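In terms of this note's numbering, the sequence shown opens at residue 459 and continues consecutively.
Every residue, glycine too, gets a C-beta built ideally from N, C-alpha and C.
Because the structure is a prediction, the values reported are computed rather than measured.
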Amino acid sequence: MTQEIENTPAVGTFATLDLHPSVLAAITAVGYEEPSPIQTQSIPLIMAGHDMIGQAQTGTGKTAAFALPILSRIDAMRREAQVLVLAPTRELALQVATAFESFAAQMPSVNVVAIYGGAPMGPQLKAIRNGAQVIVATPGRLVDHLSRNGGLLSTIKFLVLDEADEMLKLGFMDDLEVIFNAMPDERQTVLFSATLPASIRGIAEKHLRNPQQVKIASKTQTVARIDQAHLMVHADQKVNAVLRLLEVEDFDAMIGFVRTKQATLDIAAALEAKGYKVAALNGDIAQNQRERVIESLKDGRLNIVIATDVAARGLDVPRITHVFNIDMPYDPESYVHRIGRTGRAGRDGRALLLVTPRERRMLQVIERVTGQKVAEILLPDAKVILQARIRRLTQDLAPRVKDTANQNAELLAHLTTELNCSAEDLALALLAKTTEGQAFTLDGVEREQPVLAPRGRDNRDRDDRGRGRGEGRNDRGEGRGDGAGRERRAPLALSEGKVRCRTALGIRDGVAARNLLGAILNEGGLSRDAIGRIQIRESFSLVELPEEGLERLLGKLKDTRVAGKALKLRRYRED
Ligand code: AMP
459 MTQEIENTPA VGTFATLDLH PSVLAAITAV GYEEPSPIQT QSIPLIMAGH
509 DMIGQAQTGT GKTAAFALPI LSRIDAMRRE AQVLVLAPTR ELALQVATAF
559 ESFAAQMPSV NVVAIYGGAP MGPQLKAIRN GAQVIVATPG RLVDHLSRNG
609 GLLSTIKFLV LDEADEMLKL GFMDDLEVIF NAMPDERQTV LFSATLPASI
659 RGIAEKHLRN PQQVKIASKT QTVARIDQAH LMVHADQKVN AVLRLLEVED
709 FDAMIGFVRT KQATLDIAAA LEAKGYKVAA LNGDIAQNQR ERVIESLKDG
759 RLNIVIATDV AARGLDVPRI THVFNIDMPY DPESYVHRIG RTGRAGRDGR
809 ALLLVTPRER RMLQVIERVT GQKVAEILLP DAKVILQARI RRLTQDLAPR
859 VKDTANQNAE LLAHLTTELN CSAEDLALAL LAKTTEGQAF TLDGVEREQP
909 VLAPRGRDNR DRDDRGRGRG EGRNDRGEGR GDGAGRERRA PLALSEGKVR
959 CRTALGIRDG VAARNLLGAI LNEGGLSRDA IGRIQIRESF SLVELPEEGL
1009 ERLLGKLKDT RVAGKALKLR RYRED
């Protein structure tokens, strides 16, 4: 028997969900403002101990929907495996592990291990033996571990099947059965899947106890007079994509939507640096300041506002010609709501949407629910950007050229005489002045484009895993031999100008962050702000250090000892 719960109004804050205080603190640190609809519905059920089926695809916030309540309920003091999350691919497993890492950031005794093929088995096994409480695994590799150590999962209390339909498509059915059989019956099981075919319902019937079903039902929505387009882009290339699109889009005023407070600040700063009149709007901004921002957008002192959904609530500015969904909304309703900010007062509006490869399915859902195609556009190249710049300059100058009453005729005569030059020379000089800071040649525009940052492991999407569907069993593959699976917490994004360095000293050696920090500050002669994030793990630690002068710094630290042991800091290469 399943009980369906549909679209409970998405009210409330994280604070009302009874989550562990450390988890709440971590949510604040990552900048989430309010729970997404799937989170509002799932978290209370999981907190109450129910088995659950969640119908949700990537982009809805499903990872936090299970990770937050589960982390709130584990016994952090027990150093044994308590949570198993199964994911169809290595990339998803790493992403989920990273998410658990960040939500457990304030729970120092909680460890997460990712178990997947293509990395040596020994370190993975060791991490489990060392008491990692959260295991995120692909099924094939986990079964390999089980064949060597059948008791591995005997202490599991929470099981999550993430993207269950994908796991079945990749042929993991038999492996799942092996894994179910290796686990205690007394456990809480949560299944997330974008679709619920008979095979998934079969699994739920057999292995879940009286599951509650959560689903974000999508009613058909009407969207009128809004021209919609989407661009496929990788997560770490979004800022670049926004900058390029703004060059070619003819907008009056724009609102850009992102998911976190930090993103409002980052994107607004990137645009401001390019000369746009832009402000960030998020839940941390005081009400009177918020009102000032909206007033400025209304009267043209600002042209762009980058906002979270929460902060943009009730914002109604008729000048808005463009809505830019820089981060995907959680569901089609929210998409329709967002893009309704343009096309006000009978005007035409335009809505842009950035889609990362993993969010393709969400795009399809939006198209289905709205009954409209969201046309694909391509990233404008240098040629298109140059044309747009010339067009804008022409539009700007056209009315001035026609203005015969131009008061500057006298000034022109004066300047050409004074500078002893032709009117053409003067025009060239004035053009150089007005276009300062912006290239007007193809080469120049090309050079100006930010270099696309290489995509790190964290952002790697399943779609680029370079392996076709049905090859899922590759997840057992050995052979990279790079130790990447070593008791890993998937790495967080690096700060700018920093590289990660590793030492084999960790918690088991009695090392704490302050010891490492003290040693590096004292013996390396660095200032505190030169040292980035420090991550202490059971058997190693990672420290972010400035790339510039790294070799010299490592030389200085050559003989440094921490907690009585040689530090031996080395640059850490993640790939
Ligand atoms: P998922 O559907 O779990 O893949 O999550 C999609 C993205 O939404 C991830 O980048 C999350 O960090 C982000 N996210 C999840 N929940 C929230 C929230 N309540 N507020 C802001 N961002 C969120």
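> CB-CB under 6 angstroms to LEU617, same chain, minus the five flanking residues each way: which ones, in chain order?
Replying inline: Cβ neighbours of LEU617 beyond the five flanking positions: LEU542, ARG645, THR647.
> From LYS841 to LEU900, what does the alpha carbon distance come to, in whole angstroms?
Replying inline: A straight-line Cα-Cα distance of about 6 angstroms links LYS841 and LEU900.
>> What does the alpha-carbon distance come out to for the pair THR489 and CYS959?
In response: For the record, residue 489 in the displayed sequence is Gly; it is not Thr. Rounded to the nearest whole angstrom, the C-alpha separation of GLY489 and CYS959 is 27 angstroms.
> Looking only at DSSP bridge pairs, what is ILE458 linked to?
Replying inline: Since the displayed the chain opens at 459 and closes at 1033, residue 458 lies outside it and no answer follows.
> Any chance the CB of SER560 is under 6 angstroms from a heavy atom of the ligand AMP?
Replying inline: The answer is no for SER560.
>> Quick check on the DSSP output: what are the complete alpha helix (DSSP H) runs of length 4 or more inside the stretch 463–518, in order along the chain?
In response: The stretch 463–518 contains these whole alpha helix (DSSP H) runs: 479–488, 495–505.
>> Please tell me whether, using a cut-off of 6 angstroms, the distance from the CB of GLY519 to the nearest non-hydrogen atom of the ligand AMP is below it.
In response: True, at least one ligand heavy atom lies under 6 angstroms from that Cβ.
> What residue range is occupied by the uninterrupted alpha helix (DSSP H) comprising MET579?
Replying inline: Start and end: 579–587.
> Taking the DSSP output, what are the residues bridged to GLY714?
Replying inline: Beta bridge pairing from DSSP links GLY714 with ILE764, PHE782.
> Relative to the ligand AMP, is the shortest distance from any of its heavy atoms to the C-beta of THR718 smaller than 6 angstroms?
Replying inline: Checking every heavy atom of the ligand AMP against the Cβ of THR718, one is found closer than 6 angstroms.
>> Three or more C-beta pairs under 8 angstroms: does that hold for the stretch 623–631 against the stretch 491–509?
In response: Contact between the stretch 623–631 and the stretch 491–509 is absent, because fewer than three Cβ pairs lie under 8 angstroms.
>> Quick check on the burial criterion: 16 or more other C-beta atoms within 10 angstroms. Buried or exposed for GLY512?
In response: Per the 10 Å Cβ criterion, buried.
> Would a C-beta distance cut-off of 7 angstroms place GLY589 and ASP633 closer than the cut-off?
Replying inline: With a cutoff of 7 angstroms on beta-carbon distance, GLY589 and ASP633 are scored as not near each other.
> To which residues does DSSP link ASP685 through a beta bridge?
Replying inline: Note: ASP685 is bridge-paired with ARG808 in the DSSP secondary-structure output.
>> In the DSSP output, what is GLU1002 paired with across the bridge?
In response: Answer is ARG958.
>> Suppose you measure from the CA of THR516 to the CA of HIS692; what does that come to, to the nearest Å?
In response: Taking the straight line from one Cα to the other gives about 15 angstroms.
>> SER530 and VAL568 - do their beta-carbons sit closer together than 7 angstroms?
In response: For VAL568 and SER530, no; Cβs fall outside 7 angstroms.
>> Quick check on this structure: which residue in LEU979, GLY807, ILE992, SER953 has the alpha carbon closest to the alpha carbon of GLU1005?
In response: That would be SER953, whose Cα lies nearest to the Cα of GLU1005.
> Anyone know if the C-beta pair for ARG1029 and VAL969 falls short of 7 angstroms?
Replying inline: No, these two residues do not count as a Cβ contact at 7 angstroms.
> Taking just the CA atoms, how far does ARG850 sit from GLY926?
Replying inline: Confidence in GLY926 is poor, its pLDDT being 34 and thus under 50, which makes the residue's placement too unreliable to answer from.
>> What does the Cβ neighbour count give for GLY575, buried or exposed, with the cut at 16 atoms within 10 Å?
In response: Of the other Cβ atoms in all chains shown, 16 or more fall within 10 Å of the Cβ of GLY575; this residue is therefore buried.
>> Under 8 angstroms: do the stretch 735–749 and the stretch 691–707 share three or more Cβ pairs, one atom per stretch?
In response: Contact annotation: the stretch 735–749 does not touch the stretch 691–707, with fewer than three C-beta pairs closer than 8 angstroms.
>> Looking only at its chain, what residues have a beta carbon closer than 6 angstroms to the beta carbon of LEU760, apart from the 5 residues adjacent to it on each side?
In response: Excluding residues up to 5 positions away in sequence, LYS735, ALA737, SER754 lie with their Cβ nearer than 6 angstroms to the Cβ of LEU760 in the same chain.
> Grouping DSSP H, G and I as helix and E and B as strand, with all else coil, what is ILE797?
Replying inline: ILE797: helix per DSSP, three-state reduction.
> Contact check, ILE978 vs VAL1001 under 8 angstroms by CB: the rounded distance?
Replying inline: Confirmed, about 7 angstroms.
> Looking at C-alpha atoms only, which residue of LEU1027, PRO502, ARG995, LEU773 is the closest neighbour of ARG1010?
Replying inline: It is LEU1027.
> So what does GLU876 bridge to, in DSSP terms?
Replying inline: GLU876 is not bridged by DSSP to any residue.
>> Between LEU884 and THR874, how many whole angstroms is the CB-CB distance? I'm expecting something under 8 angstroms.
In response: Rounded to the nearest angstrom, the Cβ distance from LEU884 to THR874 is 6 angstroms, consistent with a contact under 8 angstroms.
>> Can you determine whether any heavy atom of the ligand AMP sits closer than 6 angstroms to the C-beta of TYR490, and answer yes or no?
In response: Yes; taking the cut-off as 6 angstroms, the Cβ of TYR490 has a heavy atom of the ligand AMP nearer than that.
> Helix, strand or coil for LYS1014 per DSSP?
Replying inline: For LYS1014, the three-state secondary structure derived from DSSP is helix.
> Cβ of GLU483 within 6 angstroms of any heavy atom in the ligand AMP?
Replying inline: According to the sequence as given, residue 483 is Ala; it is not Glu. Outside the cutoff, so no.
> For ALA846 versus VAL706, is the C-beta distance shorter than 7 angstroms?
Replying inline: Contact: yes.
> CB of THR516 to nearest heavy atom of the ligand AMP: below 6 angstroms?
Replying inline: At least one heavy atom of the ligand AMP lies less than 6 angstroms from the C-beta of THR516.
>> What residue range does the alpha helix (DSSP H) around ALA721 cover?
In response: Run containing ALA721: 719–731, per the alpha helix (DSSP H) assignment.
> Taking DSSP as the reference, what is the three-state secondary structure of ARG934?
Replying inline: Note that ARG934 scores 49 on pLDDT, short of 50, meaning its location in the model is unreliable; the coordinates nonetheless yield the value given after this. Three-state result, ARG934: helix.
> ALA948: buried (16+ other C-beta within 10 angstroms of its C-beta) or exposed?
Replying inline: Low confidence applies to ALA948: its pLDDT is 40, below 50, so where it sits in the model is not reliable, and the reading given next is rough at best. That one is buried.
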